[in-house]
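A.B. asks: Shown below is the structure under consideration.
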Amino acid sequence: MKRILAAFLLMTGTASLFAASDSFDKGEALFVQNHPQDARPLLESALTEDPANEKTYLYLGIIYQQLGDTQKAIEILKQGLSVSTAYKELFYYNIGNDLYARKDFAGAEAMYTSAVAVRKDLSEGYLNRANARLQQQNLDGAYADYSYFLQLAPQDPQRPAIEKLMALLRKVQDQKEADRQAAIAKQQALMSDVLKGLNNAGDSTKNLSVESINGQTDPVSVDIKD
Numbered sequence: 010m011k012r013i014l015a016a017f018l019l020m021t022g023t024a025s026l027f028a029a030s031d032s033f034d035k036g037e038a039l040f041v042q043n044h045p046q047d048a049r050p051l052l053e054s055a056l057t058e059d060p061a062n063e064k065t066y067l068y069l070g071i072i073y074q075q076l077g078d079t080q081k082a083i084e085i086l087k088q089g090l091s092v093s094t095a096y097k098e099l100f101y102y103n104i105g106n107d108l109y110a111r112k113d114f115a116g117a118e119a120m121y122t123s124a125v126a127v128r129k130d131l132s133e134g135y136l137n138r139a140n141a142r143l144q145q146q147n148l149d150g151a152y153a154d155y156s157y158f159l160q161l162a163p164q165d166p167q168r169p170a171i172e173k174l175m176a177l178l179r180k181v182q183d184q185k186e187a188d189r190q191a192a193i194a195k196q197q198a199l200m201s202d203v204l205k206g207l208n209n210a211g212d213s214t215k216n217l218s219v220e221s222i223n224g225q226t227d228p229v230s231v232d233i234k235d
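Residue numbers for the sequence shown, in my numbering: 10 to 235.
Pasting the structure below:
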């Protein structure tokens, strides 16, 4: 299963935006219930009625990804980024996930870098940037990001897998420079096996991690069947 973290955000609006709020509320409910096909037209209507609602862009970006259209997801998230004032890090982060899924690892790394520049405690951003860096053979950068991720999320259930991957990276880092490429080749298969098991941007991605309403800090998880 793919897992996304969604948050129930407080709606702010006036009587003049009632129709947009109604479309958004219904679309959001269906989205959280994991009915992306049904949620999509409602949220598209909500976006037409209220094109300033950042959350609509975020939800639609995830829905398009769920429906297998990563290009459409990137397009809608970039539109949202152009009007965003509150959730820029999430737009960068989700665009990064879509680029990672398309194997554009350099583009994904750039988006994750922008995300953590906006919000320095976005732990998933460091984890996914580490994975993107590893895919590009930037082993030192990947190691640094995995280490920082574990500092930010010490109780993460993936810690054993990440520590195993870091141990493999250390073996490569400890090699003399003359033997570095040979060490990389020797350890690459092991690294790839561990990387595939991580809950990362290329497989089981955390697409959205905004704060939940009423000051709650724990997001609501939504399971998405492959």
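Note that CB positions come from ideal geometry on N, CA and C, so glycine has one too.
#1: From Tyr-152 to Leu-161, what does the alpha carbon distance come to, in whole angstroms?
#2: For the candidate residues Ile-72, Pro-169 and Val-92, whose alpha-carbon lies nearest to that of Ala-38?
#3: Give the range of the alpha helix (DSSP H) segment to which Asp-154 is assigned.
#4: Hey, Ala-110 and Thr-65: beta-carbon distance below 9 Å or not?
#5: Considering only C-alpha positions, which residue in the set Thr-94, Ala-48, Asp-130 and Gln-145 is nearest to Leu-204?
#6: Got a sec? Which residues, its chain only, sit under 6 Å from Ala-117 by beta carbon, not counting five neighbours each side?
#7: Helix, strand or coil: which one does DSSP assign to Asn-140?
#8: Spatial neighbours of Gly-206 within its chain, please: CB distance less than 7 Å, with the 5 preceding and 5 following residues excluded, ordered by chain position.
#9: Where do the N-terminal and C-terminal ends of the alpha helix (DSSP H) with Asn-106 fall, by residue?
#10: On the CB-based measure, 16 or more other CB atoms within 10 Å of its CB, does Gln-74 come out buried or exposed?
C.D. replies: Judging by the given coordinates:
#1: For the purposes of this step, residue 152 is identified with residue 143 of the sequence shown, where counting begins at 1. For the purposes of this step, residue 161 is identified with residue 152 of the sequence shown, where counting begins at 1. Distance between the alpha carbons of Tyr-152 and Leu-161: 14 Å.
#2: By one-based count along the sequence shown, residue 38 stands at place 29. Residue Ile-72 is the option with its Cα nearest to Ala-38.
#3: If you number the sequence shown from 1, residue 154 lands on position 145. 148 to 161 is the extent of the alpha helix (DSSP H) around Asp-154.
#4: Start at 1 with the first residue of the sequence shown, and residue 110 comes out as number 101. Start at 1 with the first residue of the sequence shown, and residue 65 comes out as number 56. The answer is no: Cβ separation not under 9 Å.
#5: If you number the sequence shown from 1, residue 204 lands on position 195. It is Gln-145.
#6: Against the sequence shown, residue 117 aligns to sequence position 108. If we look at Ala-117 and ignore the five residues flanking it on each side, its Cβ neighbours are Gly-105, Leu-108, Tyr-109 and Ala-141.
#7: For the purposes of this step, residue 140 is taken as the residue at position 131 of the sequence shown. In this structure, Asn-140 counts as helix in the three-state DSSP scheme.
#8: Stepping through the sequence shown from its first residue, residue 206 is reached at position 197. Apart from sequence neighbours up to five positions away, the residues of its chain that approach Gly-206 with a beta-carbon distance below 7 Å are Ala-170, ordered along the chain.
#9: In the sequence shown, the residue the question calls residue 106 occupies position 97. Run containing Asn-106: 97 to 110, per the alpha helix (DSSP H) assignment.
#10: Locating residue 74 in the sequence shown gives position 65, counting from the first residue. Counting Cβ neighbours within 10 Å, Gln-74 comes out buried, since at least 16 surround it.
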